[in-house]
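Below you'll find the structure, written out as structure tokens, and then a few comments.
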Amino acid sequence: MNFGSDNQSGASEQVLNAIIAANAGSSSSYGTDEWTHKAELLLAEIFETDLKAYFVTSGTAANCLALSCLVQPWDQIVCHDHAHILNDELTAPEMYTGGARLTGLDIDRPKLSQQALFEYLTTFEGHEPHTPQPRALSITQLSESGCAYSLEEIQELTSLAKKYDMNVHMDGARFANALISLNCSPADMTWKAGVDVLCLGASKNGALAAEAVIFFNKKLAKDFEYRRKRAGHLLSKGRLLGAQFCGWLEQNHWLDLATQSNAQARKLAQSIQSSRYSELAWPEQQANFGNEVFAFIDNAKIKELRNASAVFYEWPKRFLPTKDRSDATLVRLVVSFNTSDSELTQFENVLHSSK
């Protein structure tokens with residue numbers, strides 16, 4: 002019963018076959034190969050627009066290199082207080098941007114609200130040149146709390162950001178899961194909603210190690226190739242990244258994988274809702290969630306689940322919803338495309354048992 006992270010799942014057979022095919026023979030190096038070119042064309046077709054795409058191996062590299070193109074070292078990046086770039090990427094954002102400051106908002110909610118951003122920007126008293134100015138907004142889709150921003154919420158946030166001359170970055174580590182949750186097009190959730198650059202994650206959803214930095218505002222990509230090279234993320238055998246994206250994107254494979262993981266997560270959420278030992282942390286958000294389930298589980302039941310070899314993550318206490326639950330612990334359970342029905346059944350049996 003492994004619900005620890007979708008990073009712990011393997012790669013899909015279709016992606017692995019694409020890598021094997023790209024490995025045959027020789028090909029141009031440093032991303033000038035046919036696989037990388039084809040992957041960029043596929044992305045342009047899927048997102049229904051002209052774009053510039055670059056491929057790297059990690060989400061941290063993707064996010065931080067993208068952000069470095071959106072701000073100056075003396076600027077400020079605004080994000081949700083739970084955001085991965087603020088809490089889980091060490092000081093990589095500061096390093097890659099040359100020192101830009103990250104500011105987190107709205108700690109008590111699972112998503113950044115338009116109201117919180119509005120209040121911050123309208124009350125911000127920038128004492129130039131002494132105070133870093135807000136120049137970029139970062140939205141995580143899915144959010145770190147497993148909830149999807151609706152199209153309306155994204156548009157509200159980006160419209161406000163643009164009003165204050167801010168570029169917009171989207172951390173799409175679980176972009177495909179959010180897309181399935183909202184049942185919308187990739188274009189609707191990104192550039193049509195005001196997003197300038199998307200970091201599209203494939204590693205959590207069936208790839209081996211592949212992330213794409215997609216610039217819809219291509220002017221912002223002007224220096225990206227140099228930044229990627231300087232950072233050591235320009236792979237000599239770049240075709241192995243392009244091949245992963247080709248195998249992942251073709252025949253809507255990426256969406257099939259996300260559909261599977263979302264469906265399994267919904268089963269898990271229903272099991273949690275129906276147990277007297279657990280409850281969903283944000284039940285009002287469950288209409289728009291993907292492959293992550295956040296729940297309060299009784300402390301004694303957590304011990305039983307651990308003894309039954311269930312793997313999951315206890316969420317940091319500072320991110321707890323505003324409720325007192327000394328008898329229970331907030332946990333994150335992540336479902337991947339290869340989470341089996343038997344794992345779900347085993348988890349449910351332990352969770353519902355009355356011993």
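Numbering (this note's numbering), first residue to last: 2 to 356.
Every residue gets a Cβ at the ideal spot worked out from N, C-alpha and C, and that includes glycine.
Treat the numbers as computed from the prediction; the structure is a model and nothing was measured.
Check: Closest by CA to residue 276, which one among 351, 234, 99?; Outcome: 351
Check: Just curious, the beta strand (DSSP E) that residue 279 is in, first and last residue?; Outcome: 279-281
Check: Does DSSP put residue 222 in a helix, in a strand, or in coil?; Outcome: helix
Check: Do the region 24-42 and the region 188-196 make contact, defined as three or more Cβ pairs closer than 8 Å?; Outcome: no
Check: Provide the residue span of the beta strand (DSSP E) that contains residue 55, from first to last.; Outcome: 53-57
Check: For the ligand ATP, any of its heavy atoms closer than 7 Å to the Cβ of residue 271?; Outcome: Within the structure as shown, the ligand ATP is missing, as the structure has no ligands at all.
Check: May I ask you to list the residues that DSSP assigns as paired with residue 148?; Outcome: 290
Check: Could you tell me which uninterrupted beta strand (DSSP E) segments, each at least 3 residues in length, are contained entirely in the region 96-137, listed from first to last along the chain?; Outcome: 102-106
Check: Going by C-alpha to C-alpha distance, which of 86, 209, 284 sits closest to residue 21?; Outcome: 209
Check: State the Cα-Cα distance for the pair residue 231 and residue 269, rounded to the nearest angstrom.; Outcome: 43 Å
Check: Tell me residue 139's beta-bridge partners as DSSP assigns them.; Outcome: 170
Check: Where do the ends of the beta strand (DSSP E) carrying residue 340 lie?; Outcome: Note, residue 340: premise wrong, no beta strand (DSSP E); not H, not E.
Check: Could you give the distance in angstroms between the alpha-carbon of residue 2 and the alpha-carbon of residue 338?; Outcome: 14 Å
Check: What does the alpha-carbon distance come out to for the pair residue 14 and residue 168?; Outcome: 37 Å
Check: Residue 185 lies in the beta strand (DSSP E); which residues open and close that run?; Outcome: Element bounds for residue 185: n/a, residue is neither H nor E.
Check: Could you check what DSSP says for residue 398 in three-state terms: helix, strand or coil?; Outcome: The chain is shown only over 2 to 356; residue 398 falls outside these bounds and no answer can be derived.
Check: With distance defined between alpha-carbon atoms, name the residue in 128, 318, 294, 301 nearest to residue 345.; Outcome: 294
Check: Can you have a look at residue 227 and say buried or exposed, based on whether 16 or more other CB atoms are within 10 angstroms of its CB?; Outcome: exposed
Check: For residue 211 versus residue 176, is the C-beta distance shorter than 8 Å?; Outcome: no
Check: Taking the straight line between their C-alpha atoms, what separation do you get for residue 280 and residue 297?; Outcome: 5 Å
Check: What three-state label does DSSP hand residue 328 in the structure shown?; Outcome: coil
Check: Which residues does DSSP list as the beta-bridge partners of residue 200?; Outcome: 172, 214
Check: So is residue 302 buried or exposed if we call it buried at 16+ other beta carbons inside 10 Å?; Outcome: buried
Check: In angstroms with no decimal places, state the Cα-to-Cα distance between residue 118 and residue 145.; Outcome: 17 Å
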